[in-house]
Amino acid sequence: EEFEIAEQVLPREGEKIFIKNINSCFGNKDFTDYVKDDNTLMIVGLQTNFCIDATVKSAFERGYKVIIPQGANSTFDNEYMTGEETYKYYNDMMWPKRFATCVSVDEAIKLMESSIAIWRIDLCFGIMLRGYTTYLQTS
Numbered sequence: 035e036e037f038e039i040a041e042q043v044l045p046r047e048g049e050k051i052f053i054k055n056i057n058s059c060f061g062n063k064d065f066t067d068y069v070k071d072d073n074t075l076m077i078v079g080l081q082t083n084f085c086i087d088a089t090v091k092s093a094f095e096r097g098y099k100v101i102i103p104q105g106a107n108s109t110f111d112n113e114y115m116t117g118e119e120t121y122k123y124y125n126d127m128m129w130p131k132r133f134a135t136c137v138s139v140d141e142a143i144k145l146m147e148s149s150i151a152i153w154r155i156d157l158c159f160g161i162m163l164r165g166y167t168t169y170l171q172t173s
């Protein structure tokens with residue numbers, strides 16, 4: 035199946051694209067091998083309560099430091115909670131001090147600009163490491 039990536043976040047030359055078939059990006063062995071020598075992942079994208087949460091917890095279980103920029107994940111309303119309530123549940127209660135460090139966008143940008151090797155993972159989903167983004171697409 036073909037996917038379209040928005041022009042604003044198109045992969046640059048040299049950036050990798052991985053296809054994922056399950057909620058967590060760690061279900062893709064090529065991706066897992068690609069990040070095995072790194073220790074910090076910055077995760078952004080859709081959907082907070084599915085792919086993002088699965089990836090956050092999978093990364094945490096593998097010993098990664100996980101960073102979530104404020105406002106950089108989203109989801110849809112469901113029969114139990116609005117998208118906004120779901121966002122707050124994970125970003126304000128579930129992840130901080132358990133599975134991830136939630137930071138402001140300004141802090142996230144400073145981290146990405148620093149010499150620290152950090153991946154930014156989007157669901158449809160880019161990962162920044164040393165200035166390169168790796169895109170994961172859901173098949």
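Residues 35 to 173, numbered by the numbering used here, are exactly what the sequence shown covers, in order.
Cβ coordinates follow ideal geometry from the N, Cα and C atoms, glycine included.
Residue range of the unbroken beta strand (DSSP E) whose run includes residue i
i, result
"T135", "T135 to V137"
Reduced DSSP category for residue i - H, G, I as helix; E, B as strand; rest coil
i, result
"C158", "With a pLDDT of 46 at C158, under the threshold of 50, the modelled position of this residue cannot be trusted; read the value that follows with caution. In this structure, C158 counts as coil in the three-state DSSP scheme."
"L80", "strand"
"T116", "coil"
"N62", "coil"
"S148", "coil"
"E47", "coil"
"N57", "coil"
Bridge-paired residues (DSSP) for residue i
i, result
"T74", "K99"
"N107", "G79"
"P130", "A134"
Reference residue i; option with closest CA among the options
i, options, result
"D64", "W129, D72, I53 and N57", "I53"
"R132", "V100, L145 and T116", "V100"
"K91", "E41, V139, S148 and W129", "W129"
"E118", "L44, T82, I77 and V69", "T82"
"N112", "Y121, Q104, A106 and F60", "Y121"
"K70", "V78, Y98 and N55", "Y98"
Proximity test, Cβ basis, 8 Å: residue i and chain B
i, result
"I143", "Although the question refers to chain B, the structure presented lacks it and comprises just one protein chain."
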